[in-house]
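The listed protein sequences correspond, in order, to chains A and B.
Per the numbering used here: the first sequence = residues 342 to 684.
Per the numbering used here: the second sequence = residues 17 to 133.
Every residue, glycine too, gets a C-beta built ideally from N, C-alpha and C.
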Amino acid sequence: VTTDHTTDHEAADHEAADHEVLERRYRRLLRWYPADYRRSRGSEILDTLMEAAGPGQRRPAGREWRALLLGGLRARTGADRQLSRTRVWLGGLRLGVLLLLAHAAAALLATCGGMASELATGRLRLAGGGWQVRYGDHFVPMASQWGYPLALLLTAGALVLLASGRPLPVLPVVVAGAVAQLWAESWMPPWPWGELGFGQPVAQLPLAAVLILPLLRWRPPRAPRPWRWLLAVPVGVLVVPTSFDASFPSDRLFVLVLLGALAWTALDARVPIALSAVLLAYSSTDLVAAVLQWQGSLYPGQFVVPLVSVSIPDPLGPLAIELALVAAQLTAAALRARRQAAL
Amino acid sequence: MSNSKASMRAPTYFVLAALLDEPLHGYAVIRRVAELSGERVRLAAGTLYATLDRLAETGLVQVVREETVNGRARRYYALTEDGAAAVRQEAAQLAEAARIVTDATRRATATGRVSPA
């Protein structure tokens, strides 16, 4: 009897130890959820998980692990909320405009950085309150260089305004930013699409101004800390293709960003919708390039395919890739949005 | 009822159906869903709470009781009137959809094109 008793005690101790280990592991998995959610529901979910655990179970079941990971990520991104299909598409559009603005600001920041370095080398100078560019031995006044910092300020302002949930004042600010950028680039022949490609993306701001129109009648949500979107700008200088010409493999990073966003489709339809807006900016740049080349305004070999980073003589190739990607993203988004809107 | 035109996912339908008889807590919902679906639907806790969150947000379920067990919170969920109406409406639509197939099968059986199962 004593031996049986001891064995029973040992078995109970083992089971308690197993449960303790399992509970600790489930608590760790619950960290995928935001802190607020954990405070209100964490203890209850843990109770259900432990009730569902089998005897001697020390590791979380695979399907529980997956459901907690996806549930936590959805709760963090707001994809867990019950939204109509229209709200999913508007949310995606808002995110797309935010990304376009961040992308445009990153490109402008890189250009302003380039101007600063040209100031240091003496190719550019500020004299008499205006910009001058050196050509050979003499300097030529170029007031339009003010367009870059001006467009950068306006774009950064529009980014914070939209993240604050105020789309109405964003429209004139974005239009002003686009005009400032076109003014800055107006010296390049043929105006205004002189230096197309990924060094100088010019389609982001005009496209943002168009895509913001459907958002004007809807009051989008306010980001918890709108200014945080500004942090995306310096990150964007490294991640998306800009004129920042360091040894950084920005095109490869950009491919990684695209792949990550595609994977995110499993969680939230708004991400592929937003990504389509970014890709559309590239394809519209290439579309204009194709038209100009067809007209004979540009010469071949000037373009770089963003996804494979090889020079090709024709913008039609990247244009086809980008449009195919946009179509794929929008199809994935439509399927996901339908599922997201289902009760 | 909000979202009345949205289709219902299988976990949502089974969770609502599980609550038709009485309020249940999380694990009891999981067991009841497995029982009702003949073990075809086995809800993970993460899926269950995502479903319950959506149903609470749309006013189809509500928390009716809370207690503490082993130091952990346990909440009991019940259908609201809208929730009961939604699951009955969905069941009627499913029955209507099933009737199309059963009627066609019956006609085919009567004309001898399909042998009875």
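Tell me, please, whether the CB atom of residue i is closer than 8 Å to any CB atom in chain B?
i	result
Thr389/A	yes
Glu356/A	no
Gly412/A	yes
Val649/A	Since pLDDT at Val649/A reaches only 38, below the 50 mark, its modelled position is unreliable, and the value read off the structure follows with that caveat. No, its Cβ sits nowhere closer than 8 Å to a Cβ of chain B.
Ala678/A	no
Arg382/A	yes
Ala661/A	no
Gln398/A	no
Arg415/A	yes
Ile553/A	no
Leu608/A	no
Arg404/A	yes
Gln670/A	no
Gln522/A	no
Glu385/A	yes
At which residues does the alpha helix (DSSP H) containing residue i begin and terminate?
i	result
Arg123/B	Glu97 to Ala126
Tyr489/A	Gly488 to Ala504
Val514/A	Pro508 to Glu526
Ala448/A	Arg426 to Thr462
Asp421/A	No alpha helix (DSSP H) contains Asp421/A, which DSSP labels as neither H nor E.
Ala668/A	Leu657 to Ala682
Ala26/B	Ala26 to Ala34
Ala550/A	Gln545 to Leu552
Pro575/A	Ala573 to Val580
Specify the secondary structure class of residue i as computed by DSSP and reduced to three states.
i	result
Pro613/A	helix
Thr74/B	coil
Ala89/B	strand
Thr606/A	coil
Glu83/B	strand
Pro466/A	For the sequence presented, residue 466/A should be read as Arg rather than Pro. Arg466/A falls in the strand class under three-state DSSP.
Arg475/A	strand
Leu40/B	strand
Val45/B	helix
Ser625/A	helix
Ser381/A	helix
Trp568/A	helix
Trp559/A	coil
Pro401/A	coil
Tyr374/A	coil
Leu59/B	coil
Ala618/A	helix
Gly412/A	helix
Flag residue i as yes if its beta-carbon sits less than 8 Å from any beta-carbon of chain A, otherwise no.
i	result
Tyr43/B	yes
Arg5/B	Because chain B in this structure spans residues 17 to 133, residue 5/B falls outside the shown range and cannot be described.
Thr118/B	no
Ala101/B	no
Tyr92/B	no
Thr125/B	no
Asp69/B	yes
Glu139/B	Absent from the model: residue 139/B. The displayed extent of chain B is 17 to 133, so no value can be given.
Glu112/B	no
Leu64/B	yes
Thr28/B	yes
Arg88/B	yes
Below 7 Å, is the gap between the Cβ of residue i and the nearest heavy atom of the ligand ATP?
i	result
Thr462/A	Ligands are entirely absent from the displayed structure, and the ligand ATP is therefore not among its contents.
Which term fits residue i, buried or exposed, when burial requires 16 or more other beta carbons within 10 angstroms of its beta carbon?
i	result
Val632/A	exposed
Leu467/A	exposed
His41/B	buried
Ser617/A	buried
Gly412/A	buried
Ile116/B	exposed
Pro570/A	Sequence check: residue 570/A is Trp here, not Pro. The residue in question, Trp570/A, is buried, as its Cβ has 16 or more Cβ neighbours within 10 Å.
Leu597/A	exposed
Asp421/A	buried
Leu387/A	buried
Tyr489/A	buried
His444/A	buried
Thr127/B	exposed
Per DSSP, residue i forms a beta bridge with which residues?
i	result
Ala94/B	Gln78/B
Val481/A	Val474/A
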